[in-house]
Structures are given as structure tokens and as C-alpha cells.
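For the sequence shown, full-length UniProt numbering puts the final residue at 79, and the numbers step up evenly by one.
First the structure, in the form of C-alpha cells, and then the observations on it.
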Amino acid sequence: PPDQNIVFSASPDTTIRIWSVSSASCVQVVRAHEGSVTGLSLHATGDYLLSASDDQYWAFSDIRTGRVLTKVTDEAAGC
């Protein structure tokens, strides 16, 4: 599992930020969306983050690298 001293924030500025609680600093910025980020869910392994946005995309990102691994539209998912 990842470091237990991290928290995530979703923002209307389209970013997801990963914060270190112990140093009170941002350690990673994930740029997965073009709209406000409206939801976050941490994968059970603690290594990946699923995010939703006003841009109508779901994104699956690696929290260690900030890399977006895949993006899917609601339409493509059949929703």
C-alpha cells in the first residue's frame, strides 16, 4: 500500500493533487481532465486513482507517477 500520510484533493481548476500530510506539501499533480474534477476513488491496491469530471470522462491514473493510464467517456461506457 502507498504511504498512509497522503491525501487527495479534486479541484475545479481541472487538477487532482496528492498531498503529503507530514510535509504539508503537494507531491504530485495529476492532469487527467479538461473540466472540474467531481469525484475520486482510490483503487484497493492504493496505487491507482479513478476520477470523474464535468468533461464527461472517467480517468484511471497512477498516483506514483501522475500518469493517466486510460480515459473513457460516459458515452463509450454505455451510460
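For each residue, glycine too, the CB sits at the ideal point set by N, CA and C.
Which residues DSSP lists as bridging residue i, in chain order
i: Gln28; result: Ile18
i: Asp62; result: Tyr48
i: Thr73; result: Tyr57
i: Gly39; result: Ala52
Cβ-based burial, residue i [other Cβ within 10 Å; buried from 16]
i: Ala24; result: exposed
i: Leu49; result: buried
i: residue 127; result: Here the chain has residues from 1 to 79 only, and residue 127 is not among them.
i: Val72; result: exposed
i: Pro1; result: Bear in mind that a pLDDT of 48 at Pro1, under 50, signals an unreliable position, so the number given afterwards is only what the model happens to contain. Pro1 comes out exposed.
i: Val37; result: buried
Cut-off 6 Å between Cβ atoms - residues of its own chain near residue i, not counting five sequence neighbours on either side
i: Val30; result: Ile16, Ser61, Gly66
i: Asp55; result: His33, Glu34, Gly35
Nonlocal neighbours in the same chain, by C-beta distance under 7 Å from residue i, ignoring five residues either side
i: Tyr57; result: His33, Lys71, Val72, Thr73
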